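With my numbering applied, the sequence shown covers 31 to 756. C-beta atoms are modelled at their ideal positions from N, C-alpha and C, and glycine is treated no differently. Since this is a predicted model, take the numbers as computed values, not measurements.
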Amino acid sequence: MSASISRRGFLKSAAATTAVLFVGATADGIAAASGRADAMLNPFVKIDSDGNVVAIIKHFEKGQGPATGLSTLIAEELGVTMDQIEFEFAPSNPELYNNLLFGPFQGTGGSTAMANSWMQYRTAGANAREMLIKAAANAWDVDAATLDIQAGMVIGSGKSAPLGDFVVAAADIAPSESPRLRDPSEWKIIGNETTRRVDSPIKVNGQAKFGMDLHLPNQMVVMIKRTPQLGGLVASYDDSSAKEVKGFIMAMPLPTNHGVAVYAENTWAAMQARNAIEVDWDMSGAEKRSSAEVRDEVMTALDAAPVYNVNKADRDAVSASVDNAATVVEKTFYFPLLAHAPMEPLNCTIEQTVEGDIVLHDGAQMPTGPHMAYQQIFQLTPEKIHINTMLTGGSFGRRATPDADYQVEAALAFVMTDRSRPVKLVWDREDDIRGGYYRPATGHKVRVGLDPEGNIAAWEHQVAGQSIMKGTPFESFAVQDGIDHSTVEGLADNPYTIPNMSVGLTDVKKATTVLWWRSVGHTHTAYVMEVMMDMAAKAVGRDPVEFRLAYLDGGGEDAERKAGVLKLVAEKGNWGQPAAGNVQGIAVHKSFGSYVAEIVEISGSLNDGIQIEKVTAAVDCGIAVNPDIVRAQTEGAIGYGIGHAMREQITLDGGTVEQFNFPDYEPLRISDIKSIETYIVPSAVAPTGIGEPGTPPAAPALANAVAQLDVRIAELPMRDNGVSFA
Numbered sequence: 031m032s033a034s035i036s037r038r039g040f041l042k043s044a045a046a047t048t049a050v051l052f053v054g055a056t057a058d059g060i061a062a063a064s065g066r067a068d069a070m071l072n073p074f075v076k077i078d079s080d081g082n083v084v085a086i087i088k089h090f091e092k093g094q095g096p097a098t099g100l101s102t103l104i105a106e107e108l109g110v111t112m113d114q115i116e117f118e119f120a121p122s123n124p125e126l127y128n129n130l131l132f133g134p135f136q137g138t139g140g141s142t143a144m145a146n147s148w149m150q151y152r153t154a155g156a157n158a159r160e161m162l163i164k165a166a167a168n169a170w171d172v173d174a175a176t177l178d179i180q181a182g183m184v185i186g187s188g189k190s191a192p193l194g195d196f197v198v199a200a201a202d203i204a205p206s207e208s209p210r211l212r213d214p215s216e217w218k219i220i221g222n223e224t225t226r227r228v229d230s231p232i233k234v235n236g237q238a239k240f241g242m243d244l245h246l247p248n249q250m251v252v253m254i255k256r257t258p259q260l261g262g263l264v265a266s267y268d269d270s271s272a273k274e275v276k277g278f279i280m281a282m283p284l285p286t287n288h289g290v291a292v293y294a295e296n297t298w299a300a301m302q303a304r305n306a307i308e309v310d311w312d313m314s315g316a317e318k319r320s321s322a323e324v325r326d327e328v329m330t331a332l333d334a335a336p337v338y339n340v341n342k343a344d345r346d347a348v349s350a351s352v353d354n355a356a357t358v359v360e361k362t363f364y365f366p367l368l369a370h371a372p373m374e375p376l377n378c379t380i381e382q383t384v385e386g387d388i389v390l391h392d393g394a395q396m397p398t399g400p401h402m403a404y405q406q407i408f409q410l411t412p413e414k415i416h417i418n419t420m421l422t423g424g425s426f427g428r429r430a431t432p433d434a435d436y437q438v439e440a441a442l443a444f445v446m447t448d449r450s451r452p453v454k455l456v457w458d459r460e461d462d463i464r465g466g467y468y469r470p471a472t473g474h475k476v477r478v479g480l481d482p483e484g485n486i487a488a489w490e491h492q493v494a495g496q497s498i499m500k501g502t503p504f505e506s507f508a509v510q511d512g513i514d515h516s517t518v519e520g521l522a523d524n525p526y527t528i529p530n531m532s533v534g535l536t537d538v539k540k541a542t543t544v545l546w547w548r549s550v551g552h553t554h555t556a557y558v559m560e561v562m563m564d565m566a567a568k569a570v571g572r573d574p575v576e577f578r579l580a581y582l583d584g585g586g587e588d589a590e591r592k593a594g595v596l597k598l599v600a601e602k603g604n605w606g607q608p609a610a611g612n613v614q615g616i617a618v619h620k621s622f623g624s625y626v627a628e629i630v631e632i633s634g635s636l637n638d639g640i641q642i643e644k645v646t647a648a649v650d651c652g653i654a655v656n657p658d659i660v661r662a663q664t665e666g667a668i669g670y671g672i673g674h675a676m677r678e679q680i681t682l683d684g685g686t687v688e689q690f691n692f693p694d695y696e697p698l699r700i701s702d703i704k705s706i707e708t709y710i711v712p713s714a715v716a717p718t719g720i721g722e723p724g725t726p727p728a729a730p731a732l733a734n735a736v737a738q739l740d741v742r743i744a745e746l747p748m749r750d751n752g753v754s755f756a
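Right, here's the structure in full:
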């Protein structure tokens with residue numbers, strides 16, 4: 031199975047077949063098809079005359095499952111089995127392969143792969159089916175309505191033949207504007223519990239090629255000697271010791287002066303040579319704050335009036351209502367910087383063809399970014415830039431920077447050579463932990479007033495943090511009225527029907543480069559909302575589930591679906607009936623169009639250490655195209671959220687990151703969570719996100735369980751704030 035392809039490779043492989051049928055839609059959504067290999071009309075499905083079916087995947091595969099999910103949609107509508115379809119990644123072309131939820135931009139993120147491709151890929155598969163059926167009907171002189179495609183065979187009217195027999199004729203048939211989509215009652219693959227990932231076999235047998243696996247003939251490896259503090263510049267360097275390293279080629283400062291590029295024949299030589307180079311840094315413009323200073327700035331901002339009134343509430347009236355309430359529950363929270371720490375550190379390889387084209391081999395999460403950057407760097411037109419998207423060992427958002435940071439770094443290293451040899455950029459784990467982009471440091475200050483009957487009378491909420499979007503190319507459309515919604519998402523738009531709620535926001539100066547992180551702002555807004563709901567329920571002696579449901583009653587479909595997962599998890603997780611000696615915590619949150627509720631059950635004590643015995647999750651993500659992937663992504667998201675809440679943070683000492691690798695930025699261990707059970711809500715609603723929604727409720731559910739031991743954690747990580755783990 032092929033797992034990567036460039037535009038050039040796509041055209042070459044297509045032209046090699048005797049006949050190929052491309053089916054898809056033009057950029058304006060009009061159905062289109064062609065039998066010509068060079069007619070790139072946004073094909074999502076490619077079929078040759080031998081009957082080989084290939085799904086062209088426009089979203090990159092970092093483990094979250096789009097290669098399987100989008101292949102499933104085509105296979106279902108076309109009428110082939112999962113064993114009869116392969117996948118290839120689409121070339122970089124935002125006019126044809128744009129993310130419909132991002133605008134004219136090709137990219138993967140925000141748990142949008144299935145949500146934005148659901149109808150595109152079903153329609154492409156259905157159109158291919160109808161065109162092949164019409165070709166067969168013409169050949170057999172029968173009514174097309176009597177035919178279907180099942181398991182790759184055109185059948186009906188007492189006849190049958192492989193679909194490949196009709197590819198040549200089908201290529202001359204105009205596709206329909208609205209092909210008949212198979213009714214859910216006809217589905218054999220969508221929603222099938224037995225459907226497994228299409229990329230698992232190649233990952234198991236070693237055929238899968240990740241970016242780090244790529245070794246082009248005659249390539250050089252480049253690693254960067256980086257500034258220890260954000261904003262540092264190269265003043266001078268000495269590579270005399272590096273010249274003693276076998277395999278060392280050369281070293282030169284990057285054109286930006288942000289580091290020294292070290293070239294070698296292989297990765298080990300590049301590492302050793304980089305270690306040997308001595309650099310004097312100009313730190314006059316570098317970041318010099320400590321984590322304590324960053325925290326103090328966030329907390330100081332929370333003590334002042336917010337700069338932005340997010341939901342346009344009367345803040346003075348809300349504050350007065352809280353002051354006059356029968357019971358007031360208040361808490362101040364702080365969330366530190368966090369690294370993404372994917373298992374495969376950043377890397378990419380760049381080469382120049384004999385025609386002068388530039389080819390980037392990369393696990394490209396947002397190929398439009400480097401594509402545009404490369405046009406400027408190399409002074410080439412778009413068609414002269416090619417991106418070969420490869421499999422990626424995780425990302426969690428790190429490969430989708432607004433400035434295409436590591437791809438630009440590779441390009442700058444490449445332009446300093448004579449371009450006769452490919453250059454492979456390699457980051458090591460220390461580069462990733464110390465020189466990466468981080469989840470912003472953020473604080474919340476909340477006061478909730480409750481009336482004599484135990485109901486919420488007013489909710490005063492203030493947020494202070496480092497904006498992800500401001501100062502980036504995304505600011506023009508992602509920031510409205512000065513408000514970066516990614517800082518307050520899941521809070522300002524939460525489905526609870528809370529009366530008299532005010533949400534204020536203040537931006538704090540960024541201490542380092544910040545970036546979206548798995549579930550972005552929901553990572554902290556869900557924690558605060560769900561911990562405060564628990565605290566309010568406890569303050570008035572009400573059950574946390576019943577208390578939440580009271581604020582989801584009558585809130586429309588949004589609230590109903592959130593209530594649905596809350597009720598389901600309470601049932602499946604035996605809410606209120608933990609095993610002897612155990613305690614439970616619960617949380618529920620909506621993010622990326624999906625609803626997830628989780629119960630964390632723990633044993634142990636604060637003195638002897640806490641053990642997470644079980645996590646139960648209920649998920650409503652619309653139609654679960656691949657239930658196995660939904661469960662796997664939920665499990666991974668839970669582990670990601672809980673693992674970081676347990677013990678992770680990035681700290682600064684004089685602007686320098688103190689953590690360097692997994693020994694002091696320790697990932698979740700398999701022993702940390704004994705069991706996870708996931709239950710999927712049956713749905714007829716179009717699919718929504720699943721890669722991220724399991725993360726937000728995980729940490730607050732754990733925090734609410736820990737609170738049963740009389741410790742309310744308002745500052746993370748837990749390990750540094752009074753909680754030990756077994």
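field: P412 CB to nearest heavy atom of the ligand NAP below 6 Å
entry: Within the structure as shown, the ligand NAP is missing, as the structure has no ligands at all.
query: Can G719 and G652 be called in contact, C-beta distance under 7 Å?
result: No, the pair does not count as a contact, with Cβ atoms beyond the cut-off.
query: Roughly how many whole angstroms lie between the Cα atoms of V352 and M562?
result: 14 Å
message: From the DSSP secondary-structure annotation, give me the bridge partner or partners of Y364.
response: G473, E745
Pairwise C-alpha distance: P366 and V348: 29 Å
message: Applying the 10 Å Cβ sphere with the 16-neighbour rule, what's the burial state of H370?
response: buried
message: For the beta strand (DSSP E) containing V26, name the first residue and the last one.
response: Absent from the structure is residue 26, since the part of the chain shown begins at 31 and ends at 756.
message: Suppose contacts are defined by Cβ-Cβ distances below 7 Å. Is T708 in contact with R661 by that definition?
response: Cβ distance < 7 Å, so T708 and R661 count as in contact.
message: For a test of the three-state rule: what should DSSP assign to I163, helix, strand or coil?
response: helix
field: Assigned secondary structure, A662 (DSSP; H/G/I helix, E/B strand, else coil)
entry: A662 falls in the helix class under three-state DSSP.
query: What whole-angstrom Cβ distance do P574 and A675 have, given they're in contact under 8 Å?
result: Contact between P574 and A675 is absent: CB atoms are separated by about 18 Å, not below the 8 Å threshold.
For A281: DSSP bridge partner residues: V292
G399, enclosing beta strand (DSSP E) - first and last residue: Run containing G399: none in the beta strand (DSSP E); it sits in the alpha helix (DSSP H), 398–408.
query: The beta strand (DSSP E) spanning I632 covers which residue range?
result: Residues 624–635.
message: With distance defined between alpha-carbon atoms, name the residue in V533, Q114, N377 nearest to G81.
response: Ranking V533, Q114, N377 by CA distance to the CA of G81 puts Q114 first.
message: Between the alpha carbons of A744 and F363, how many angstroms are there, rounded?
response: 5 Å
field: Anticipated Cβ contact below 8 Å, L284 with L442, distance rounded
entry: 5 Å
- request: Return the Cβ separation of T725 and T553 in integer angstroms, given the expectation that the two are a contact with Cβ distance under 8 Å.
  value: 7 Å
- prompt: Where do the N-terminal and C-terminal ends of the beta strand (DSSP E) with I115 fall, by residue?
  reply: 115–119
query: Thinking just about the alpha-carbon of each residue, which of D312, K500, A667 is nearest to the one in A265?
result: D312
field: Outcome for W547 when other beta-carbon atoms lying within 10 angstroms are tallied against a minimum of 16
entry: buried
message: Can you check which of these residues, G465, M420, M396, D448, is closest to T431 by C-alpha distance?
response: M396
field: CA-to-CA distance, Q405 to V252, given in whole angstroms
entry: 22 Å
query: When we look at the beta-carbon of F507 and count the other beta-carbons within 10 Å, is it buried (16 or more) or exposed?
result: exposed
message: On the CB-based measure, 16 or more other CB atoms within 10 Å of its CB, does M112 come out buried or exposed?
response: buried
field: Rounded distance between the beta-carbons of A331 and A494, thought under 8 Å
entry: 4 Å
query: For the stretch 726–744 against the stretch 690–704, are there 3 or more C-beta pairs whose distance is under 8 Å?
result: In the pairwise beta carbon analysis, the stretch 726–744 is classified as not touching the stretch 690–704: fewer than three pairs are separated by under 8 Å.
message: According to DSSP, is W546 part of a helix, a strand, or is it coil?
response: Three-state DSSP puts W546 in coil, outside helix and strand.
- prompt: Among A322, N157, A299, R227, which one has its Cα closest to the Cα of A204?
  reply: N157
task: Give the range of the alpha helix (DSSP H) segment to which S349 is assigned.
output: Looking at the DSSP string, the run of the alpha helix (DSSP H) that includes S349 is 345–353.
- request: Within 10 angstroms of the Cβ of H89, are there 16 or more other Cβ atoms? Answer buried if so, exposed if not.
  value: buried
- prompt: So what's T176 in DSSP terms, helix, strand or just coil?
  reply: helix
message: Restricting to runs no shorter than 3 residues, where is the beta strand (DSSP E) found entirely within the stretch 488–561?
response: 531–537
message: Tell me the rounded alpha-carbon separation between T56 and L126.
response: Only weak support is given to the placement of T56: the predicted model assigns it a pLDDT of 48, under 50, and the value that follows is read from those uncertain coordinates. Their backbone Cα atoms lie some 7 Å apart in a straight line.
field: Of the listed residues P452, W605, V618, nearest to E631 (C-alpha basis)
entry: Comparing alpha carbon positions, the residue from P452, W605, V618 closest to E631 is W605.
message: Let's see if you can read the secondary structure: which residues bound the beta strand (DSSP E) around E381?
response: 377–382
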